[in-house]
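Asker: Chains as they are written, first to last, in the working numbering: chain Z, 19 to 226; chain G, 19 to 226.
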DNA sequence: CCTGATAGGGGCGGCGATGTCCCCTTTTTC
DNA sequence: GAAAAAGGGGACATCGCCGCCCCTATCAGG
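Written out as structure tokens, the structure is:
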């Protein structure tokens, strides 16, 4: 049973990070704090194995190198035995080094951090490596969400839209089958169901 | 059937916004773009009723008032018939006014925007009001996520932890019953199940 | 002593998501 | 022309979440 604390002032991002952590950690308890004060209060009351810190908190100057590092430093001191991961919207090499020296195990930019990335980072950290990810604008393909589709149906559409030229649909079904540990025929079934629903609403993206 | 596009460079925030929109809009199709170029490409290919814009995109100077407004202006021009909502991490009065003049229907700060807020904003916009929300550091109570709990179970724990002094558990059950349009006895049932699970893991928060 | 809040069980029907297996036709590709 | 890919559908069982129903027991305060 892992115990984690996420410190992030933007509620939607906080929720997303907590969900990401939950998916990565399996059996776990995850707390979230939106302010510096609340974070310290929680750290004083409970023990945590993992702390995720966004140094851009209300009450601190987000452009002040010193202010941001103060946040990181005091949080790390408040939970010295935990693994600390710094996640920021505006990343710099200087800050990354400073955080590493303060004892953080990872320094990640929010831009470029996508679903599943946190899992890779946690794997890296578990191998005692310092995980460093600067912001990257990977152009990518558009993301799409349809109401009325089940998670499996959404996923297969997502994978098909991100499909490379020359890759057959069958290949994608295989990939999804491996990813979810199911039968490729089942992936295909989800695709067919999703396609039928999208056709009914006339919202079938090009290329499907 | 609503069609919406979300333009936001941070993938996790993009996902969160898309989910929020989906929950608020009901039957809908939602696309997401992480870059300025991709956004314009999508807008050129499809029609949208609603566009959510974060002006802090890669390739533009996030501190440049002009750069940010250029993003907002060109996006609005690319979809003149849509409702436009600007969501930003660093909000200013000046930028809010400028966005309003450019034709945006709302100007929202990411900090202070929590789950459900978007729904209220959309209601406001539907009444042809300009929705303005500057950043607010509402201290609040800690948020908690437990793996192994169902959504209902999580929700009732959340509500109980946010409970005011003097408020009985029964009151909270009633509140949740109204919120979800179910029986108060059912809320209580979820609480009991959640409590049993938390006790099993020894992670029962104080006050429950 | 009775009421109300709290704590702790069990059961039941409905529904959607999941995952597997089966059938068929048409189009594309080699 | 044969094979592979794609399109289109149905049947079936399992499981978890949901929402409601029932039962008991403890404990505090009026």
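The beta carbon of each residue, even a glycine, is placed where N, CA and C say it ideally should be.
#1: Along the stretch 91-102 of chain Z, what residues have a CB closer than 9 Å to any CB found in chain G?
#2: Report yes if the C-beta distance between residue 109 of chain Z and residue 153 of chain Z is below 7 Å; otherwise report no.
#3: Where are the alpha helix (DSSP H) runs, 4 residues long or more, that stay fully inside the stretch 37-114 of chain G, in chain order?
#4: Where does the unbroken beta strand (DSSP E) through residue 25 of chain G begin, and where does it stop?
#5: In terms of residue numbering, what span does the beta strand (DSSP E) encompassing residue 208 of chain G cover?
#6: Within 7 Å of any Cβ in chain G, is that where the Cβ of residue 150 of chain Z sits?
#7: Would the stretch 48-60 of chain G count as touching the stretch 182-191 of chain Z if we require 3 or more Cβ pairs under 8 Å?
#8: Taking DSSP as the reference, what is the three-state secondary structure of residue 161 of chain Z?
#9: Candidates G:142, G:174, G:175 and G:37: which alpha carbon is nearest residue 50 of chain G's?
#10: Would you call the CB atoms of residue 69 of chain Z and residue 100 of chain Z closer than 7 Å?
#11: Residue range of the beta strand (DSSP E) that residue 127 of chain Z falls in?
#12: Of the choices G:64, G:117, G:65 and G:76, whose alpha-carbon is the least far from that of residue 87 of chain G?
#13: Applying a beta-carbon distance threshold of less than 7 Å, which residues of chain G neighbour residue 145 of chain Z?
#14: Indicate whether the contact test is met: 3 or more Cβ pairs, each with one atom in the stretch 73-82 of chain G and one in the stretch 119-134 of chain G, closer than 8 Å.
#15: Short check: CB of residue 120 of chain G to CB of residue 90 of chain G, under 7 Å?
#16: How is residue 151 of chain G classed by DSSP in three states: helix, strand or coil?
#17: Using the three-state DSSP reduction, which class does residue 228 of chain Z fall into: helix, strand or coil?
#18: Identify the contact partners of residue 58 of chain Z in chain G, using a Cβ-Cβ distance below 9 Å as the criterion.
#19: Report, in whole angstroms, the separation of the C-beta atoms of residue 165 of chain Z and residue 74 of chain G, which I expect to be a contact under 8 Å.
#20: Does residue 85 of chain G have its Cβ less than 7 Å from a Cβ in chain Z?
#21: Quick check: the Cα distance between residue 176 of chain Z and residue 26 of chain G, rounded to an integer number of angstroms?
#22: Considering only the alpha carbon of each residue, which of G:83, G:102, G:92 and G:72 lies closest to residue 21 of chain G?
#23: Check the Cβ-Cβ distances between residue 69 of chain G and every residue of chain Z, and say whether any is below 7 Å.
#24: Specify, as a first and last residue, the run of the alpha helix (DSSP H) that residue 141 of chain Z falls within.
#25: Take residue 133 of chain Z and list the residues in its own chain whose beta-carbon comes closer than 8 Å to its own, dropping the five residues that flank it on each side.
#26: Expressed to the nearest angstrom, what Euclidean distance is found between the alpha-carbon atoms of residue 203 of chain Z and residue 33 of chain G?
#27: To the nearest angstrom, how far is the alpha carbon of residue 171 of chain Z from that of residue 30 of chain Z?
#28: Does DSSP put residue 132 of chain Z in a helix, in a strand, or in coil?
#29: Could you tell me which chain G residues have their CB closer than 9 Å to the CB of residue 169 of chain Z, listed as they occur along the chain?
#30: Counting contacts by CB-CB distance shorter than 7 Å, is residue 45 of chain G in contact with chain Z?
#31: Please report the straight-line C-alpha distance between residue 19 of chain G and residue 19 of chain Z, rounded to a whole angstrom.
#32: Give a yes or no on whether 7 Å exceeds the smallest Cβ distance from residue 221 of chain Z to chain G.
#33: Look up residue 197 of chain G in the DSSP assignment and say whether it is helix, strand or coil.
#34: Distance, Cα to Cα, residue 96 of chain Z vs residue 67 of chain Z?
#35: Tell me whether residue 147 of chain Z is buried or exposed, calling it buried when 16 or more other Cβ atoms sit within 10 Å of its Cβ.
#36: Spatial neighbours of residue 216 of chain Z within its chain, please: CB distance less than 7 Å, with the 5 preceding and 5 following residues excluded, ordered by chain position.
Answerer: From the atom records:
#1: none
#2: yes
#3: 54-63 and 83-96
#4: 20-25
#5: Careful: residue 208 of chain G lies outside any beta strand (DSSP E), inside the alpha helix (DSSP H) at 202-219.
#6: no
#7: no
#8: Here residue 161 of chain Z sits in strand by DSSP.
#9: G:37
#10: Taking the C-beta atoms as reference points, residue 100 of chain Z is found nearer than 7 Å to residue 69 of chain Z.
#11: 124-127
#12: Of the listed residues, the one whose Cα sits closest to residue 87 of chain G is G:117.
#13: Going along chain G, no residue has its Cβ under 7 Å from residue 145 of chain Z, so there is no contact; the nearest lies around 23 Å.
#14: Taking a contact to require three or more Cβ pairs closer than 8 Å, the stretch 73-82 of chain G and the stretch 119-134 of chain G do not qualify as touching.
#15: yes
#16: strand
#17: The first residue shown for chain Z is 19 and the last is 226, placing residue 228 of chain Z beyond what the model contains.
#18: Under the 9 Å cutoff, chain G gives no residues; its nearest Cβ is about 12 Å from residue 58 of chain Z.
#19: In this structure, residue 165 of chain Z and residue 74 of chain G do not form a Cβ contact; the two beta carbons are roughly 28 Å apart against a cut-off of 8 Å.
#20: no
#21: 18 Å
#22: G:102
#23: Interface with chain Z (7 Å Cβ-Cβ cutoff): residue 69 of chain G is excluded.
#24: 135-144
#25: The residues are 38.
#26: 28 Å
#27: 24 Å
#28: For residue 132 of chain Z, the secondary structure class from DSSP, reduced to helix, strand or coil, is coil.
#29: By Cβ distance, chain G contributes nothing, its closest Cβ being about 12 Å from residue 169 of chain Z, past 9 Å.
#30: yes
#31: 43 Å
#32: Taking Cβ atoms only, chain G reaches closer than 7 Å to residue 221 of chain Z, which makes this a yes.
#33: helix
#34: Spanning the two alpha carbons is a distance of roughly 12 Å.
#35: Burial state of residue 147 of chain Z is exposed, judged by a 10 Å Cβ sphere holding fewer than 16 other Cβ atoms.
#36: 164 and 222
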